[in-house]
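Undergrad:
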Amino acid sequence: MFIIRCIDAVGLKKALFILSLYAVRFEARSNGEDINTTYLVVDEERREGDLRLAEMTCQGTFAQVTLPACPVCEDKEDICGHLVFDAAIEYF
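Each number in my numbering comes from the position in the sequence shown (counting from 1) with 1 added on.
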């Protein structure tokens, strides 16, 4: 499982495009009022290896960040180890 935080509409569009290339299941979560609170939780593959391929593509496209608390595992005290990606990397 990995998480993509969508800090703007461009990042959301890039994330949705990447995830459409692979047979993975993802869920969008938000507070419903602000795009800055939107994140995608990618947690299941429909074809073997697609979850890992989607994760590797996101590693090349988005910056990996460390959050004080995982948005999925907020109630846990331990570090969960879920990868969290943030803003898109600009290469040019």
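Even for Gly, the Cβ is constructed at its ideal location relative to N, Cα and C.
Under 7 Å Cβ to Cβ from T38, same chain only, skipping five residues before and after it: list those, please.
TA: S31 and N32
Undergrad: At the level of alpha carbons, what is the spacing between D9 and Q65?
TA: 16 Å
Undergrad: Let me know the secondary structure DSSP gives L20 once reduced to three states.
TA: helix
Undergrad: Which same chain residues end up closer than 8 Å to I4 when comparing Cβ atoms and leaving out the 5 residues on each side of it in sequence?
TA: Y40, L41, V42, V43, C71, P72, V73, H83, L84, V85 and F86
Undergrad: Which complete beta strand (DSSP E) runs does the segment 25-85 hold, if anything under 3 residues is left out?
TA: 25-30, 40-46 and 63-66
Undergrad: Measure from the alpha carbon of P69 to the alpha carbon of each residue in M2, Q60 and C81, then state which is nearest.
TA: C81
Undergrad: Let me check one thing: in DSSP terms, what residues is I4 bridge-paired to?
TA: By DSSP's assignment, I4 forms a beta bridge with V42 and V85.
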